[in-house]
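*Asks:*
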Amino acid sequence: MRIARISEIKQSQKQVEVDLSLLDPVIEKYKNVKGNMIPILQHTQDLYGFVPKDAFVKISRETGLKLSDMYGVATFYAQFRLNPVGKHIIKVCHGTACHVQNANKITDALQEALGVKDGETTEDNLFTLESVACLGCCSLAPVMMIGTETYGKLTGSESVKIVKEIKIKELN
Amino acid sequence: MAQTKVIVGLGSCGVAAGAVKTYDKLESLKKVDHLSFDLKKTSCVGMCFREPLVEVIDETGSYLYGNVDETKVVEIVEKHIKNNEPVKEFVVRSDIFDTPDDYFFRNQVKITLRNCGMIDPENIDDYEARDGYKSIKKILAEKISNEDVIKTMIDSGLRGRGGGGFPTGMKWKFAYNNKSDQKYIICNADEGDPGAFMDRSVLEGDPHSVLEGMIIGAYTIQATSGVIYCRAEYPLAIKRLNIALGQARERGYLGKNIFGVEGFDFDIYIKEGAGAFVCGEETALIASVEGKRGMPRKRPPFPAEAGLWGKPTNINNVETFANVPWIILHGADAYKQYGTEKSKGTKVFALAGKINNSGLVEVPMGITINDVIFKLGGGIPGNKKFKAVQLGGPSGGCIPEYLGHTIVDYDSVNATGAIMGSGGMVVMDETTCMVDIARFFLNFTQNESCGKCTFCRIGTKRMLEILTRITEGQGREGDIERLEELAYQIKDNSLCGLGQTAPNPVLTTLKYFRNEYEAHIRDKKCPAKACKQLLTYVIDKEKCTGCMVCAKKCPIGAIDGEKKQAHFIREADCIKCGDCYSRCKFDAINLY
Numbered sequence: 826m827r828i829a830r831i832s833e834i835k836q837s838q839k840q841v842e843v844d845l846s847l848l849d850p851v852i853e854k855y856k857n858v859k860g861n862m863i864p865i866l867q868h869t870q871d872l873y874g875f876v877p878k879d880a881f882v883k884i885s886r887e888t889g890l891k892l893s894d895m896y897g898v899a900t901f902y903a904q905f906r907l908n909p910v911g912k913h914i915i916k917v918c919h920g921t922a923c924h925v926q927n928a929n930k931i932t933d934a935l936q937e938a939l940g941v942k943d944g945e946t947t948e949d950n951l952f953t954l955e956s957v958a959c960l961g962c963c964s965l966a967p968v969m970m971i972g973t974e975t976y977g978k979l980t981g982s983e984s985v986k987i988v989k990e991i992k993i994k995e996l997n
Numbered sequence: 330m331a332q333t334k335v336i337v338g339l340g341s342c343g344v345a346a347g348a349v350k351t352y353d354k355l356e357s358l359k360k361v362d363h364l365s366f367d368l369k370k371t372s373c374v375g376m377c378f379r380e381p382l383v384e385v386i387d388e389t390g391s392y393l394y395g396n397v398d399e400t401k402v403v404e405i406v407e408k409h410i411k412n413n414e415p416v417k418e419f420v421v422r423s424d425i426f427d428t429p430d431d432y433f434f435r436n437q438v439k440i441t442l443r444n445c446g447m448i449d450p451e452n453i454d455d456y457e458a459r460d461g462y463k464s465i466k467k468i469l470a471e472k473i474s475n476e477d478v479i480k481t482m483i484d485s486g487l488r489g490r491g492g493g494g495f496p497t498g499m500k501w502k503f504a505y506n507n508k509s510d511q512k513y514i515i516c517n518a519d520e521g522d523p524g525a526f527m528d529r530s531v532l533e534g535d536p537h538s539v540l541e542g543m544i545i546g547a548y549t550i551q552a553t554s555g556v557i558y559c560r561a562e563y564p565l566a567i568k569r570l571n572i573a574l575g576q577a578r579e580r581g582y583l584g585k586n587i588f589g590v591e592g593f594d595f596d597i598y599i600k601e602g603a604g605a606f607v608c609g610e611e612t613a614l615i616a617s618v619e620g621k622r623g624m625p626r627k628r629p630p631f632p633a634e635a636g637l638w639g640k641p642t643n644i645n646n647v648e649t650f651a652n653v654p655w656i657i658l659h660g661a662d663a664y665k666q667y668g669t670e671k672s673k674g675t676k677v678f679a680l681a682g683k684i685n686n687s688g689l690v691e692v693p694m695g696i697t698i699n700d701v702i703f704k705l706g707g708g709i710p711g712n713k714k715f716k717a718v719q720l721g722g723p724s725g726g727c728i729p730e731y732l733g734h735t736i737v738d739y740d741s742v743n744a745t746g747a748i749m750g751s752g753g754m755v756v757m758d759e760t761t762c763m764v765d766i767a768r769f770f771l772n773f774t775q776n777e778s779c780g781k782c783t784f785c786r787i788g789t790k791r792m793l794e795i796l797t798r799i800t801e802g803q804g805r806e807g808d809i810e811r812l813e814e815l816a817y818q819i820k821d822n823s824l825c826g827l828g829q830t831a832p833n834p835v836l837t838t839l840k841y842f843r844n845e846y847e848a849h850i851r852d853k854k855c856p857a858k859a860c861k862q863l864l865t866y867v868i869d870k871e872k873c874t875g876c877m878v879c880a881k882k883c884p885i886g887a888i889d890g891e892k893k894q895a896h897f898i899r900e901a902d903c904i905k906c907g908d909c910y911s912r913c914k915f916d917a918i919n920l921y
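So the sequences go chain by chain: A and B. Quick note, the first sequence lines up with residues 826 to 997 if you use this note's numbering. Quick note, the second sequence lines up with residues 330 to 921 if you use this note's numbering.
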């Protein structure tokens, strides 16, 4: 249920300092455009990786969009994040095809290896683990996507190996 | 001598399978060896199971190579390009000789996918060379009236390919009859069904056909503006649509006085969805385009009367629009020759799951499910038994193996309790637990329920709780009846398609696989051996080498045994986590 997402997000929203002046061109572009709320939020997220609390306030003040409406939209759509994310976002596909090919094993293995639950970010801010509905690569099921790279026909241990390799690269 | 062409399939699935590396390798070989072939890109031809695909066209004919990795590229370039000796064993399709994969194409009729994998989707000339934009030009040149276009569409029998199955011509007629200074035409590309990727392939492979379909629709209903509502999860589709839109504007096919016709103003813009399954529903989609929470509203008024910004609006799906130019050019009769009495033409299906040839197929309506799965899909891998096929995603249902003779058309599929849906076909074998599948789909719809209607919001949650309990071995007598009661109440008391169809996966699995539910509840057994909590793990004494891996990994220390001697699991203590099973390298742990 979409409503359930709100309380989870509220509890965990952290205060992060961001450069709000980056928003000015976005606000300029979409100010007074009909149906602008979702594009503004999408661009904000492109800038920061998530939609910071201060950005909501600034957008509301400068465009006249209501804070409550924006918060409603941001919590309704799965795309919007209200918390900072790790450097790499691991999207594990849980579409039907991946489910019947045992995608749960991959999430389980990654949760164990990274020490985070689905939707959380690791302590070192390197990885965020996410479950997604369908990446559309059903023929390669089960699939996960890290950045723009897609990995197919995985097993639990293979997925952990891939993540560990990225981690080693990052540490060097 | 004609230039040899080398074409690489760069759809999402190809890219995921490594087609970019293949392309780069070809490019570097071309440079290093100063070869003169023409290197081109195309999109998905539907053979996802053979990706990456590379087609070589020389003066003798065409050769489609499958599973082309970097080593195969070297061999193909060496033998075929340099020495004109095709590497026959890698060829999956050719117009010169037969290949073992020919059956995959022989049973297909390509109308929607007529250009996918044939043209470079980023090049408008390629599209125009294959009759592109001829249909709209024909309408304008012959001054075919709006009513006549509507008549052709109604005669063709084309029904909405997004799943609803409403006749497209009728929809256009309603929108045409409502007079207004502003009208909108929307393309629904919010393909949210997990396991369906038809629309993505069309948008990636042939974006101009969708644009042309929309322009014809705009001419017919006199729309002034168009919107393509596309999932943000399809970045490649959005990129190619933007390229196509730019090219169409440049040629004067979009904008003011398009195609040189005074007063024919029409432009299209893309609206990126933000991830909500319910936005596939018309009124929710409109709310989302307006920048609101994507929640459906009551109908009437229908979008044809009051849609986007309160103006008459016509919404069709990607696949529907892609069919329109073909129908206008070839006539309603040509389209009608395919299909059954009430379902005309062809349908694209995305085959996935436990099937050998997963990919995209386009078949005439009226073909049986068995033919799709066995003739085109190549059957089930690993000699497993075909158990059921899920049609229509989370809104659809499971059709069991013994109804495999069901023909694919709207009415026959509906009669089984499933729905045609947008065309996702997920195949399941004997190792798939039907209770678990029902739980999976309900979990999805429960997550995606917008929360407006009480029955959908809370009813699906209660159903999910019961199903989860059953799969964890806590099922009780009366659970099945409670599920059924809730299912019908949710169906009757929900406003939109999401709630009305959410119980379908549960109802169809209850109808066809009731015994599996009973086995879970009464015997605490999962016949498919998929529900972990219901399994008993036993170590095979013959196979166990006493390596002690399982004993070390068991989180509660329920495995005993001496080094190099057979181990055993204390059943009373086992928490059934399955760790030992997945870690045993000797296949020595059996499931009962």
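Every residue, glycine too, gets a C-beta built ideally from N, C-alpha and C. The structure presented is a predicted model; accordingly, all values stated were derived computationally and were not measured.
#1: Label GLU937 (chain A) either buried or exposed according to how many other C-beta atoms from any shown protein chain fall within 10 Å of its C-beta, with 16 as the threshold for buried.
#2: What residue range is occupied by the uninterrupted beta strand (DSSP E) comprising ASP596 (chain B)?
#3: Grab me the residues of THR760 (chain B)'s own chain with a C-beta within less than 6 Å of its C-beta, minus the 5 sequence neighbours each way, in chain order.
#4: In whole angstroms, what is the alpha-carbon distance linking THR880 (chain B) and PHE915 (chain B)?
#5: Closer than 7 Å, Cβ to any Cβ of chain A: which residues of the stretch 673-706 of chain B, in chain order?
#6: By how many angstroms is the C-alpha of LYS408 (chain B) removed from the C-alpha of GLU414 (chain B)?
#7: List the residues that DSSP assigns as beta-bridge partners of ILE914 (chain A).
#8: Using 8 Å as the limit for Cβ to Cβ distance, is GLN904 (chain A) near chain B?
#9: Which of helix, strand or coil does DSSP assign to GLY721 (chain B)?
#10: For MET303 (chain B), does the three-state DSSP call read helix, strand or coil?
#11: For ALA603 (chain B), I'd like the list of residues in its chain whose CB is within less than 7 Å of its CB, leaving aside the five on either flank, ordered along the chain.
#12: Rounded C-beta distance between TYR513 (chain B) and ALA552 (chain B)? I'm assuming under 8 Å.
#13: Alpha carbon to alpha carbon, what distance is there between LYS463 (chain B) and PHE881 (chain A)?
#14: Quick check on this structure: which residue in A:ASP949, A:LEU960, A:ALA922, A:LEU866 has the alpha carbon closest to the alpha carbon of VAL910 (chain A)?
#15: Would you kindly report the start and end of the unbroken alpha helix (DSSP H) that includes VAL344 (chain B)?
#16: Do the stretch 509-528 of chain B and the stretch 538-549 of chain B touch if we need at least three Cβ pairs shorter than 8 Å?
#17: How would you call GLU891 (chain B), buried or exposed, if buried means at least 16 neighbouring beta carbons within 10 angstroms?
#18: Give the single residue among B:MET757, B:ILE545, B:SER911, B:LEU793 whose Cα lies nearest to the Cα of LYS467 (chain B).
#19: Tell me whether VAL335 (chain B) sits in a helix, a strand or coil according to DSSP, three-state version.
#20: In the DSSP assignment, the alpha helix (DSSP H) including MET482 (chain B) goes from what residue to what residue?
#21: Tell me whether the stretch 410-426 of chain B and the stretch 336-348 of chain B touch, counting them as touching only if at least three CB pairs, one residue from each stretch, are closer than 8 Å.
#22: MET757 (chain B) and VAL718 (chain B) - do their beta-carbons sit closer together than 8 Å?
#23: Look at CYS727 (chain B) and THR837 (chain B) and say whether their C-beta atoms are less than 8 Å apart.
#24: Under three-state DSSP, which class holds MET826 (chain A)?
#25: Below 8 Å, how does it come out for the stretch 367-383 of chain B and the stretch 436-452 of chain B: are there three or more Cβ pairs, yes or no?
#26: Counting only Cβ-Cβ distances shorter than 9 Å, please list the residues of the stretch 615-636 of chain B near chain A, keeping chain order.
#27: For GLU384 (chain B), count neighbouring Cβ atoms within 10 angstroms of its own Cβ and tell me buried if that reaches 16, exposed if not.
#28: Is it the case that the Cβ atoms of ALA346 (chain B) and LEU848 (chain A) are separated by a distance below 8 Å?
#29: Using DSSP's beta-bridge definition, name the partner residues of ARG422 (chain B).
#30: At the 8 Å Cβ level, is THR761 (chain B) part of the contact set with chain A, yes or no?
#31: Verify the CB distance criterion: does SER341 (chain B) have a CB-CB separation below 8 Å to chain A?
#32: Give the straight-line distance between the Cα atoms of ALA382 (chain B) and TYR394 (chain B), rounded to the nearest whole angstrom.
#33: Please classify ILE696 (chain B): does DSSP put it in a helix, a strand, or coil?
#34: Could you have a look at LYS716 (chain B) and say whether DSSP puts it in helix, strand or coil?
#35: Have a look at A:LEU951, A:SER956, A:CYS962, A:ALA928 and flag the residue whose alpha-carbon is nearest the alpha-carbon of LYS989 (chain A).
#36: Give the list of continuous alpha helix (DSSP H) stretches no shorter than 4 residues that lie fully inside the stretch 870-936 of chain A.
*Replies:* Taking the geometry as given:
#1: Within the first sequence, the letter at position 112 stands for residue 937 (chain A). Result: exposed.
#2: Looking up residue 596 (chain B) in the second sequence gives position 267. Element bounds for ASP596 (chain B): 596-601.
#3: In the second sequence, counting from the first residue as 1, residue 760 (chain B) sits at position 431. The residues are ALA857.
#4: Here the question's residue 880 (chain B) lines up with position 551 in the second sequence. Here the question's residue 915 (chain B) lines up with position 586 in the second sequence. Rather than Thr, the amino acid found at residue 880 (chain B) in this sequence is Ala. Each residue's Cα considered, the two are about 14 Å apart.
#5: ALA679, ALA681, GLY682, LYS683, SER687, GLY688
#6: Looking up residue 414 (chain B) in the second sequence gives position 85. Looking up residue 408 (chain B) in the second sequence gives position 79. Roughly 5 Å separates the two Cα atoms.
#7: In the first sequence, residue 914 (chain A) corresponds to position 89, counting from 1. Answer by DSSP bridge pairing, in chain order: A:THR953.
#8: Within the first sequence, numbered from 1, the residue matching residue 904 (chain A) stands at position 79. The C-beta of GLN904 (chain A) comes closer than 8 Å to at least one C-beta of chain B.
#9: Within the second sequence, numbered from 1, the residue matching residue 721 (chain B) stands at position 392. Three-state result, GLY721 (chain B): coil.
#10: Given a span of 330 to 921 for chain B in the structure shown, any question on residue 303 (chain B) remains unanswerable.
#11: As a position in the second sequence, residue 603 (chain B) is number 274, starting the count at 1. Here the set comprises ALA561.
#12: Counted from its first residue, the second sequence places residue 513 (chain B) at position 184. Counted from its first residue, the second sequence places residue 552 (chain B) at position 223. So it is a contact: roughly 6 Å between Cβ atoms.
#13: Looking up residue 881 (chain A) in the first sequence gives position 56. Looking up residue 463 (chain B) in the second sequence gives position 134. About 48 Å.
#14: Here residue 910 (chain A) is taken as the residue at index 85 of the first sequence, counted from 1. When each option's Cα is compared against that of VAL910 (chain A), the closest is A:ASP949.
#15: Reading the second sequence from its first residue, position 15 is the one you call residue 344 (chain B). It spans 341-345 - the alpha helix (DSSP H) in which VAL344 (chain B) sits, taken as one unbroken run.
#16: yes
#17: The residue given as residue 891 (chain B) occupies position 562 in the second sequence. The residue in question, GLU891 (chain B), is exposed, as its Cβ has fewer than 16 Cβ neighbours within 10 Å.
#18: Position 138 of the second sequence, counted from the start, is the residue given in the question as residue 467 (chain B). Ranking B:MET757, B:ILE545, B:SER911, B:LEU793 by Cα distance to LYS467 (chain B) puts B:ILE545 first.
#19: To locate residue 335 (chain B), count along the second sequence from 1; it is residue 6. Three-state DSSP puts VAL335 (chain B) in a strand.
#20: Position 153 of the second sequence, counted from the start, is the residue given in the question as residue 482 (chain B). Annotation for MET482 (chain B): the continuous alpha helix (DSSP H) segment containing it runs 475-485.
#21: Taking 8 Å as the limit for Cβ pairs, the verdict is that the stretch 336-348 of chain B does not touch the stretch 410-426 of chain B.
#22: Numbered from 1 along the second sequence, position 389 holds the residue referred to as residue 718 (chain B). Numbered from 1 along the second sequence, position 428 holds the residue referred to as residue 757 (chain B). Yes. Within cutoff.
#23: Here residue 727 (chain B) corresponds to residue number 398 of the second sequence, with the count starting at 1. Here residue 837 (chain B) corresponds to residue number 508 of the second sequence, with the count starting at 1. Yes; because the gap between Cβ atoms is below 8 Å, this pair is in contact.
#24: In the first sequence, residue 826 (chain A) corresponds to position 1, counting from 1. Confidence in MET826 (chain A) is poor, its pLDDT being 43 and thus under 50, which makes the residue's placement unreliable; the coordinate value appears in the next sentence. MET826 (chain A): coil per DSSP, three-state reduction.
#25: yes
#26: SER617, VAL618, GLU619, GLY620, LYS621, ARG622, GLY623, MET624
#27: Within the second sequence, the letter at position 55 stands for residue 384 (chain B). The residue is buried, with at least 16 neighbouring Cβ atoms inside 10 Å.
#28: If you number the second sequence from 1, residue 346 (chain B) lands on position 17. If you number the first sequence from 1, residue 848 (chain A) lands on position 23. Not in contact: ALA346 (chain B) and LEU848 (chain A) (Cβ atoms no closer than 8 Å).
#29: On the second sequence, residue 422 (chain B) is found 93 positions in, with the first residue counted as 1. According to DSSP, ARG422 (chain B) bridges with B:LEU393.
#30: On the second sequence, residue 761 (chain B) is found 432 positions in, with the first residue counted as 1. Taking Cβ atoms only, chain A reaches closer than 8 Å to THR761 (chain B), which makes this a yes.
#31: As a first step, residue 341 (chain B) must be located in the second sequence, where it is residue number 12. For SER341 (chain B), the answer is yes, since a Cβ of chain A falls inside 8 Å of its Cβ.
#32: For the purposes of this step, residue 382 (chain B) is taken as the residue at position 53 of the second sequence. For the purposes of this step, residue 394 (chain B) is taken as the residue at position 65 of the second sequence. The question names Ala, but residue 382 (chain B) is Leu in the sequence shown. Taking the straight line from one Cα to the other gives about 6 Å.
#33: Locating residue 696 (chain B) in the second sequence gives position 367, where the first residue counts as 1. It is coil, neither helix nor strand.
#34: Residue mapping note: residue 716 (chain B) aligns to position 387 of the second sequence, counting from 1. Correct three-state label for LYS716 (chain B): strand.
#35: In the first sequence, counting from the first residue as 1, residue 989 (chain A) sits at position 164. Answer by Cα proximity: A:LEU951.
#36: 878-888, 892-901, 921-925
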